[in-house]
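Numbering (my numbering), first residue to last: 6 to 169.
Following this line, the structure appears as structure tokens:
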């Protein structure tokens with residue numbers, strides 16, 4: 006039973022993280038908006054970078070991109086809360102029932118992985134070459150986030166045995 010409780014707790018912990026990140030991005034909109042603005046405008050990449058034709062310089066698109074990130078973070082948190090609730094409700098059930106109840110949490114972990122890996126590493130890091138910026142580089146933080154998400158997802162996805 007302890008393994009089931011640990012899976013529920015870890016799912017809730019990641020949900021809390023994702024929801025808090027989304028909340029912080031809304032409540033301190035300007036600080037983190039500046040991050041998105043600089044990454045998308047590619048104004049801090051290497052001076053001789055020939056890929057700056059990819060830069061996005063329209064404030065409307067900066068805001069849209071930022072709200073896409075916030076929405077992904079918030080939806081990640083919501084999916085994980087729903088997933089944890091479903092796990093909680095199934096915690097005393099047979100193993101096959103508990104294993105089937107993991108779907109919402111798995112979807113939440115997948116979305117979180119997409120936000121922090123695809124969004125920050127692929128799009129921000131490589132397409133907009135965020136890695137070249139000394140100031141506006143969120144790849145290290147994103148790496149920590151998606152690796153934690155991946156670790157919990159792998160643990161959660163391990164089949165549960167019957168309770169004794």
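Where a beta carbon is used, it is the ideal one built from N, C-alpha and C, also for glycine. Model, not experiment: these values are computed from the prediction.
Under three-state DSSP, which class holds residue i?
| i | result |
| --- | --- |
| residue 144 | helix |
| residue 9 | helix |
| residue 43 | helix |
| residue 171 | Nothing about residue 171 can be reported from this structure: the residues present for the chain run from 6 to 169 only. |
| residue 33 | coil |
| residue 101 | helix |
| residue 68 | helix |
| residue 110 | helix |
| residue 96 | coil |
| residue 58 | helix |
| residue 128 | helix |
Is it buried or exposed, residue i, if we count other Cβ atoms within 10 angstroms and call 16 or more buried?
| i | result |
| --- | --- |
| residue 102 | exposed |
| residue 88 | buried |
| residue 15 | buried |
| residue 160 | exposed |
| residue 168 | exposed |
| residue 25 | exposed |
| residue 7 | exposed |
Contact check, residue i vs residue j under 8 Å by CB: the rounded distance?
| i | j | result |
| --- | --- | --- |
| residue 92 | residue 12 | 6 Å |
| residue 100 | residue 166 | 6 Å |
| residue 54 | residue 126 | Not quite, the Cβ-Cβ distance comes to about 18 Å (not below 8 Å), so this is no contact. |
| residue 62 | residue 49 | That belief does not hold up - the Cβ atoms of residue 62 and residue 49 are roughly 14 Å apart, past 8 Å. |
| residue 38 | residue 71 | 5 Å |
| residue 77 | residue 19 | Incorrect: roughly 14 Å between the Cβ atoms, too far for contact. |
For a cutoff of 7 Å on Cβ pairs, would you count residue i as touching chain D?
| i | result |
| --- | --- |
| residue 117 | No chain D appears in the structure shown, which is made up of a single protein chain. |
At least 3 beta-carbon pairs within less than 8 Å: the segment 27-41 vs the segment 152-159 | no
Determine contact between the segment 134-143 and the segment 42-62, defined as no fewer than three beta-carbon pairs at a distance below 8 Å.
-> yes
Does the segment 104-118 touch the segment 83-95, meaning 3 or more C-beta pairs lie closer than 8 Å?
-> yes
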